[in-house]
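Working notes for the structure below.
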Amino acid sequence: MLKESGEMKDRIKGGSYMLESKNVNVFYGDKKVLQDVTLQVPENTVTALIGPSGCGKSTYLRLFNRMNDYIENFRKEGDILIDGKDIYRKDAEIEELRKTVGMVFQKPNPFPKSIYENVAYGLRIQGINNKDVLDEAVEKSIKKAALWDEVKDDLKKNALALSGGQQQRLCIARTLAVEPSIILMDEPASALDPISTAKIESLIYELKQNYTIVVVTHNMHQAGRISDKTGFFYLGELVEFGDTKQIFTNPKNKKTENYISGRFG
Amino acid sequence: MLKIKEYIIEKALFMCALITVLTTAGIILILTVEAFSFFRNVSLYDFFTDPQWTPLYSEKHFGILSLLAGTFLTTVIAIMVALPVGMGIAIYLSEYAPRSFRKIIKPLLELLAAVPTVVYGFFALMVVTPFLQNIIPGVSGFNALSAGIVMGVMIIPFISSMSEDALHAVPKSLREAAYGMGSTRLQTVFRVTIPSASSGITASTILAISRAIGETMIVTIAAGQMPGLTLNPLKPVQTITAYIVQVSSGDVQFGSLEHQSIFAAGISLFALTFILNSVSFWIKKKYRIQYE
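Protein sequences appear in the order of chains X and Z. Residue 1 is where the first sequence starts when you use our numbering, and the numbers rise one by one after that. Residue 1001 is where the second sequence starts when you use our numbering, and the numbers rise one by one after that.
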């Protein structure tokens, strides 16, 4: 796993983008929810996707780990590429894709199992049951998620007993244990209090060193604090995409400017 | 005027509720009183240790174990049929079947529980037993196996319907988390969904067991009336319920020891199902809070 993702990163430095979408349209039945979205995400950056509710940003995010596949009547046109490869190609293995592309959800969703088993889950489903290997991976992942000091003495405790903020960091640890190279986050802090939110934000900043992160958020200030690039979605269209600084200080599009300055949303 | 009307309706509704409570209390009272006079003649020690149950013979023995063995045997067979099939149905309907199919098939399945049990009993005796006799040598005309299998079919909807509800109630976010880490559908079902629904599944199974223990008609018709301390499913047995039927419908003298014995059997049955239902209720209540 490790070796593979290492090789992958080298290849990306040679040229192609980590994540890429080309002229993507998405339909739910007859309803078009995304319109001609083209976007490139470079490696080891944080990209924020902002926009009002229902603008399609979550749907767009979920294209990259094929989470929309479970929605009845879902249909996509255009290409979604990860490391230059079409992830919707016929022989693509969804399970393998999701080991490379991890996801953190809006509401903390730990399994009703122990803290330890939550983090070990991703390895167990790959058939890894060696206790030493699991112990090491669990500790490493929880440390990376900045949760170790708070839970190291009760790894056997049920994860549901943790606070919301701790649960969310546990979910991040659980995702990291699978050793993805990309992490998708769907409003990871929207259900949390300000202190927990700050912790998640600084964690995202830390993780950038080793992971490519895409965050959906409706909190513009959060986007401004944590991201390198920002994309603004409105009514299913990617209105503007660029360096976060530029988007927030000097937006080129009038709609972006209105949204950023709080005139709608 | 309106107030009086309200008052009358309120009291009437209260009386309705009271009737069920009083009935239960009355049943318990009668069972206890009659069982008490029974136990003045038969010691509790004999009741629980005597290997024979022969109240209707000249040499009388009152060992409930023989009836318990019949009840246990038919119930275990029923659960062995109903649990895998019921769970299979529940998993399929909740995790794999298209929503429209689920909407049609679930009420149809519940119809299984609406078939009169006397029909099931007849089916066991006239269809299943001859079939078993064809493939397994040495099957008696009345046997625990046939009754148990058919009883298992009868309680399938208890397990499938309640377990399906429990599986369906597992939040979508947990499934998404599992898929998001690269789980296959099967891994998600067996490692996340089923463990998360385990309290509901356990509760449904216990209720189904309780239903099987209390089932009367099928075992009376197809399992025979030969109490014996046996666990051989090919032989005739008698369950607690079947014994009660036999005595109540026979010409046993009212107030005799034989007559009183059905109350002793009845109170054992009541205790058994009461405990199981309470455990089921407790499990459901204790673990329900998890996702809120």
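C-beta atoms are modelled at their ideal positions from N, C-alpha and C, and glycine is treated no differently.
Endpoints, the beta strand (DSSP E) within which residue i is located
i      : result
X/Y28  : 19-28
X/K229 : 229-234
X/V215 : 212-216
X/T38  : 31-41
X/A48  : 46-50
X/V104 : 101-104
X/F74  : 74-82
Residue i versus residue j - alpha carbon distance
i       : j       : result
Z/T1117 : Z/L1234 : 21 Å
X/K113  : X/K208  : 29 Å
X/T175  : X/Q106  : 14 Å
X/L97   : X/L81   : 11 Å
Z/L1067 : Z/A1169 : 39 Å
X/S141  : Z/F1072 : 50 Å
Z/V1042 : Z/I1104 : 54 Å
Z/L1065 : Z/P1107 : 39 Å
Z/K1011 : Z/T1205 : 38 Å
Z/S1160 : Z/M1087 : 6 Å
X/S58   : X/K32   : 14 Å
X/G29   : X/E72   : 8 Å
Z/Q1052 : Z/I1201 : 36 Å
X/N25   : X/G51   : 18 Å
Z/S1256 : Z/P1195 : 52 Å
X/G54   : Z/I1079 : 49 Å
X/E240  : X/N253  : 7 Å
X/I12   : X/G84   : Low confidence applies here, because X/I12 scores a pLDDT of 46, under 50, leaving its location unreliable and the question unanswered by this model.
Z/A1203 : Z/F1254 : 39 Å
Z/A1113 : Z/G1148 : 15 Å
Z/I1077 : Z/P1236 : 14 Å
X/L155  : Z/A1124 : 53 Å
Z/I1275 : X/M185  : 48 Å
X/E77   : X/I87   : 13 Å
For residue j and residue i, believed in contact at Cβ under 8 Å, the rounded distance
i       : j       : result
X/D228  : X/V46   : 5 Å
Z/G1070 : Z/T1188 : Their Cβ separation, rounded to whole angstroms, is 41 Å, which puts Z/G1070 and Z/T1188 out of contact at 8 Å.
Buried versus exposed call for residue i [16 or more other C-beta atoms within 10 Å across all chains shown]
i       : result
X/F111  : buried
X/G6    : At X/G6, the pLDDT of 41 sits below 50, so the modelled position is not reliable and the matter cannot be decided from this model.
X/M103  : buried
X/R89   : exposed
X/L2    : For X/L2, the predicted structure reports a pLDDT of 41, less than 50, and the residue's modelled location is therefore unreliable. A value from the coordinates is still provided. Result: exposed.
X/N109  : buried
Z/S954  : This structure does not reach residue 954 of chain Z, given that chain Z is present from 1001 up to 1292, and the question cannot be answered.
Z/L1022 : exposed
X/F233  : buried
Z/I1327 : No information on residue 1327 of chain Z is available, as it lies outside the stretch 1001 to 1292 that chain Z covers here.
Z/F1036 : exposed
X/K144  : buried
X/L162  : buried
Z/S1249 : exposed
X/N68   : buried
X/P180  : buried
Z/P1098 : exposed
Z/A1271 : exposed
Z/T1049 : exposed
Z/T1024 : exposed
X/A120  : buried
Z/P1137 : exposed
X/C171  : buried
Contacts of residue i in chain Z (Cβ-Cβ under 8 Å)
i      : result
X/N109 : P1171, S1173, L1174, E1176, A1177
X/G102 : G1180, M1181
X/T175 : G1180, M1181
X/E95  : G1182, S1183, T1184
X/M67  : E1176, Y1179, G1180
X/F105 : S1173, E1176, A1177, G1180
Where the alpha helix (DSSP H) containing residue i begins and where it ends
i       : result
X/E240  : Counting along the chain, X/E240 falls outside any alpha helix (DSSP H), though it belongs to the beta strand (DSSP E) covering 237-243.
Z/F1190 : Counting along the chain, Z/F1190 falls outside any alpha helix (DSSP H), and DSSP gives it neither H nor E.
Z/G1086 : 1064-1091
Z/F1048 : 1044-1049
Z/D1304 : Residue numbering for chain Z in the displayed model covers 1001 to 1292; residue 1304 of chain Z lies beyond these limits and cannot be assessed.
Z/G1200 : 1198-1214
X/D132  : 131-144
Z/L1002 : 1002-1041
Chain Z contact residues for residue i, given Cβ-Cβ distances below 9 Å
i      : result
X/Y121 : A1177, A1178, M1181, S1183, R1191, V1192
X/R98  : Y1179, G1180, M1181, G1182, S1183
Contact list for residue i against chain X, beta-carbon separation under 8 Å
i       : result
Z/S1196 : F111, P112
Z/Q1187 : I125
Per-residue contacts from residue i into chain Z (C-beta, under 7 Å)
i      : result
X/F178 : One point to set straight first is that residue 178 of chain X is Val, not Phe, in the sequence displayed. Correct list: M1181, G1182.
Any non-hydrogen atom of the ligand GDP closer than 7 Å to residue i Cβ
i      : result
X/D186 : This structure does not include the ligand GDP; it has no bound ligands of any sort.
Q: Could you run through the stretch 1159-1183 of chain Z and flag, in chain order, every residue whose CB is less than 8 Å away from some CB of chain B?
A: The question asks about chain B, but that chain is absent: this structure's protein chains are X and Z.
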